[in-house]
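In the working numbering, the protein residues as written are 1 to 1187.
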C-alpha cells in the first residue's frame, strides 16, 4: 500500500511539472501551434463579485474566456437561465461573453438587480465565473426634520448627530459651514467614525449657527446636506448677569466658575464592547471622551503588544488603525482617556474571522492518455470553509460519471485518463463570510514531439560567457530532450553543461573549443524529432591599454590611449565621449586609431573622457578624468586702512585662480623691530573673503603679506604691505608656567616662561617676583629682576608651602595683577620609619604585610609611597649558605599594606618598611622575621635505570632540587607497554624518603616498562619524572626468530612471491586496457561518475590511510633500542616515547604539553622493528603489507 502511494506521489509531481510546462505554451510563442491544440475554456476576465453600478449608465457585466475551439457563452440570473434574446435591452459582445444592458435608452437599473453567472463552453468542457451580484448605487435625500438649537454651558460635552441616509455604497461624511469651509477639528473637537461631531468640552468660540453635515455619494457624484445645526455656548458670567437683571437685590445667587471634570467616554458606551473583523481588512477602533481639560487617549493591547509596522493612530489618537489584520490580532484592546483629574477606560474585545483564502488553488492539468494526476483544492478560513467540487459547472455528484475520476475531499485523483476525460472542474470553498471559486481544467492530449526553435539557427557568443542554445519544444506526453555535439557525437552530459526544463542547453563558460553544431532530439512514445543549431565562440574584446587620469596645466597637450584587442571576425567601432556626451566640435580634439589627443588644453576641457568599444556581441569601456589645474597667482594691491593702536584692516585683490577655486588666504606678518626678515603666521580667512580685521600688539613694526591657497598648492607670497609701527603700552600678560620647587632643604626655586619680544609691548622688560609663606600672616616679599626666567629664595624652612606670583613690567608700567600659584620649599629625607609592621602568611608563596602610616609632618616632602625590602634568610629544609638578594616592592600613595608574591616555601624571611618622598627614603623599620609553610616538592633531580636482566631493573634517583619541606616518601608507578603500544596495568610502590635506589624484580622478559617517579611532603606530591626501559630478551625466542628468517630467505619462497607479484601486475594491466576501451560505452561514463573503491585512500578493514608508512608506527621503539652501555635511558628518548604511548586516558598531555590522546586507542597489530621485536620480519607479512 505504501509503495503504491509513493509511486502515485511521484507521478503527481511529474504531472504538475508537465502542467506548468504546457501552461507556459498558452502564451502565444508559436501561433501555429496554438491553433492546432485543443484546450478547455479558461475564464480570463470577469466583473467583481459585488458589482455596484451607476443607475444612470449602461451596465456592462464582463465575461471573457479562451479555449480551442473558441468557447460559447451563456448566463444565468438568480439561478435560472437568462435568455438574452428575449430582452431587447440586453446584448452580448461578439466573440465574447460580456453582457451590455442598455439603461440609457429607457431601461431601469433596478429591474436588472440580481445574481449573474457566466458559463464558457466548448467540446472539452465548461468554465464558470463567480456569482456576480448586480446592485445599482443609491443616494437618497435626507429626511426633513426640525432641529432645535443646542444651548450648552461652557465646559460641557456635546454631540452633534449626523445620521446620514442609507446609501449604496455608504456615503463619505464631513462637516462644513455655510461658506463650504471645513470646520476645524482638534483633540477637543473631532468627527467620529459614524459621522457625528463630538465636543469633549465646548468653548465660547464654538457658538455658531451653521454646523452642516454633508454626505458624498461617490458612485453618483452627488453630495447631500443636512439642515444647519445651531450651537450656543453660554458662560457662567453671562448667565449670572441675565439672572441678576430679573431678580431683586435681596435675591442671592452664586457665580460658579467653569468646573473641571474627569474624563467620561462618549463613545463607545459602557466598560466593554465587542467587534468582529475579517482577516486582511483594516481594523478601526474608536474612543472619544468628554472632560475638562481635554482628555488624552492612549491605546494598549492586553497581554501583548500592538503590531509593529501595521499600527497607526488617527483622529488625534482617538482612532486605532491596524491594517491587514490576521487571527493573531484577536484580543482585548483598551483605550484609556486621561486628564489631570483622573481617567476612564473601555475594553474592546476583537475577534478576527476569515473569509476563505487559498492554501493551494487547483491548477490546470495537461495529461497524456493513460497517465495519472491530481487536482488539489485547499483553503482555510474562520470558520473552516466547506470544499465542494463541480464538473463543467454541475455538482460533481450529479455530473456524468468518469471511471478515471475519484473525489477524495479536497482532492480529485485521476487514473489512466483517456481523451474523453477532458473537463473543467470547479472548486468552491465557502463559509459564512464568503466564498472562493476556481476553475481548473484537465486536458488530455496525445501529441508527438514538436520543436519550435528554427532549424540551423546560428548562435554567436563571447568566450568565457554563457551560451544558451534554444530547443523550444512541445509534446504530450512530455518529450525527453537530449543534446548531441557534432554529426556522430555522443550525448552531452557532465558538469560543464546545464540542461534547462524548457529544453535550452546552457554552456556556462563557453570556450573556443565549444564551437560547432549541436543537435537537439525530442522524443516521446508517439514519435521523435531533432533540430540542429550552430554555435560560434568569439574572442572577447578587451582594452589592453586604458586611458589614465591626467592632470595638465593650461595650454599643454594631453593624450588618452585606448588600445584594444578583438576577435578577427568582429568589426569594432571606437567612440570617445566627454562627460557622457559627444566630443566638442573642435579641431583641437584629434581622434586617432587608438588614442585621443587634445591640443592647447583650456579650462573648458576639464571632465571625464570615456573610450567605448562596441561589437555586435559585446561592449567594453574605460574612463579617465582630465583636470586642468595650477596654483593660484599671488594676491596684489595690499592696503592698510583704519589704523588703530591694537588693530588694522588689511585688504587685497585675489590673483587668478587658474581653474581651481581658492579655498583660503593665509596672512603672515613680519616684526621689523624684534625679528626682521622672519615671517610669522597671523591668521587665515576663507577664499571668498578679501578683507580682514587684524589684531595687533603694541611696540611692533608690522608688515603684512597674503598667500592664496587652492587644492593644488600655495601661491607665491604677495608683495609686503607698507609698515605700521604700533605704540608702546603696558604688558598685556604675565609669564606662564610659574612654579616653585626647592632644590635644597633650605631654598625655594621660582621659575617661569619668559615673554616673547612682541609680548613685551614696550622697552625695558622686567619681572616682579613675589612670595610669602602660606597660612602664615606674613607680608609679600618682592624683588624685580631683569629679563630672566628663574629666581632662588634662600633660607627657607624645609618643605613649607609658599604663595608665588610673577608680574611683567616695562618702561610704561606693570602688566595686570598675576594669579597666585602654590609652591614648596625643598624637601628633606623622612625622619621616622613606619611602625607596627605585621606580616600575615597567606600560603607557602604569598604573604601580606601591614604597617602604620607615619605622621605627614615627619615626611618632610611629598609622600610618594612606601617601600618594602624583603629577603630570604635560609631554607628550613636545606642548610646552605648563599648570597642574600634583597627584593624591593614599592606601594604608591598613602597605603598601609601590600602583598609579597613569589616567596619560596618552607623558608625564613626578613623584611622592613620605609617611607619615600621626593628626596628619597626614610629610615627602615626594625627587621621583621616570618616563615613560609611547607609546599609540594619539585621533581626528583634525576632517574636512572640500570642493570637490566630478564626479570629485573635497578632504579637510581636524586632528591629534588627544591624539597620545599620535609620529604616523607617517594612514589614509584610503572606499567608495561606491549608491541601494539597498549599500556598494561599500573603498579604503585611507596619508597622511604631516605632511599636513593631500588631493584625491581619479577618483571617480564623482553618487555618495555614506563616509570613515573615523584617525591612527597606532608603537603602533597610534587611533579613527576618519567623514564622507560626494557628487560633482556629470552635466548629461546631469539633462536625461533632466526629460524623464521632462514625460512623466509629460501629460494623457493622468494620465487613464489615473485610469481604472485607478476600475476597481480598482469591483472592490473588488463584492467587498465579494458577501462580505456570502455570509454566509448555508457559503462565507461558510469565508471567515471563513481570512483573506484579499490583505489580510495581509506582502507576498509581498519579505517587507516594506506599511503602512510608502517615504519612510522615504531619510531619510539627504535629510539628505545639505542640504549647506552650503562643502560641509562636518555631523557629525550623518554620524551619522544611519551608521544607514542598514551596513559590510557583520552586527551592526556606530555610533560612538554603535547597531546597524546590519539594514541591511546586500539592500533593495528604489526611486529615491532629493531632488536625489540620478538619475531623476525617475514616475507609473507611484507606481501600482506603490500596488498
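Quick reminder that beta carbons are idealized off the backbone N, C-alpha and C, glycines included. Quick caveat: nothing in here was measured; it's all calculated off a predicted structure.
- Distance from the CA atom of residue 279 to the CA atom of residue 385, rounded to whole angstroms, is 14 Å.
- When beta bridges are read from the DSSP output, residue 566 appears opposite no residue.
- Assigned with DSSP and collapsed to three states, residue 112 falls in helix.
- Close CB contacts of residue 383 within its chain, under the 6 Å cut and outside five residues either way in sequence, are with 431 (chain order).
- Assignment of residue 420 by DSSP, reduced to helix, strand and coil, places it in the helix class.
- Secondary structure of residue 828 (DSSP, three-state): coil.
- By the neighbour-count definition (other C-beta atoms within 10 Å, threshold 16), residue 90 is a buried residue.
- The straight-line gap separating the alpha-carbon atoms of residue 298 and residue 289 is approximately 11 Å.
- Going by beta carbons, residue 37 and residue 371 fall outside the 9 Å limit.
- One thing to note: residue 538 has its Cβ within 9 Å of the Cβ of residue 460.
- Taking a contact to require three or more Cβ pairs closer than 8 Å, the region 806 to 817 and the region 852 to 864 do not qualify as touching.
- Per DSSP, reduced to three states, the secondary structure at residue 175 is strand.
- Closest in alpha carbon position to residue 66, among 76, 104, 126, is 126.
- In this structure, DSSP gives residue 166 a state outside helix and strand, which the three-state scheme calls coil.
- Taking a C-beta distance under 9 Å as the contact criterion, residue 1005 and residue 1026 do not qualify as a contact pair.
- Note on residue 454: under 16 other CB atoms within 10 angstroms of its CB, so exposed under the neighbour-count rule.
- Looking at the DSSP output, residue 39 bridges to 68.
- Fully enclosed beta strand (DSSP E) runs of no fewer than 3 residues occupy 781 to 785, 790 to 794, 801 to 810, 821 to 824 of the region 780 to 829, in order along the chain.
- Linking residue 144 to residue 190 through their CA atoms gives a straight-line distance of about 25 Å.
- With fewer than 16 other Cβ atoms from the protein chains shown falling within 10 Å of its own Cβ, residue 527 counts as exposed.
- Around the beta carbon of residue 95, fewer than 16 other beta carbons lie within 10 angstroms, which makes this residue exposed.
- One Cα belongs to residue 870, the other to residue 788, and the distance between them is close to 48 Å.
- Under DSSP, residue 847 forms a beta bridge with 841, 900.
- Looking at the DSSP output, residue 431 bridges to 434.
- Taking one beta carbon from each stretch, the region 109 to 119 and the region 54 to 74 have 3 or more pairs nearer than 8 Å; the two touch.
- The straight-line gap separating the alpha-carbon atoms of residue 314 and residue 321 is approximately 7 Å.
- Under the three-pair Cβ rule at 8 Å, the region 645 to 655 does not count as touching the region 565 to 581.
- Straight across, the Cα-Cα distance linking residue 52 with residue 164 is about 20 Å.
- Judged by DSSP in its simplified three-state form, residue 1059 adopts helix.
- Judged by DSSP secondary structure, residue 936 falls outside any beta strand (DSSP E); it is assigned neither H nor E.
- At a Cβ-Cβ threshold of 9 Å, residue 937 and residue 1017 count as neighbours.
- Residue 563 and residue 554 have their C-alpha atoms roughly 26 Å apart.
- Secondary structure of residue 858 (DSSP, three-state): helix.
- Residue state for residue 1070 is assigned as helix, using DSSP reduced to three classes.
- Contact check for residue 698 against residue 761 passes: the beta carbons are separated by less than 9 Å.
- Contact between the region 147 to 156 and the region 97 to 109 is absent: fewer than 3 CB-CB pairs across the two stretches fall below 8 Å.
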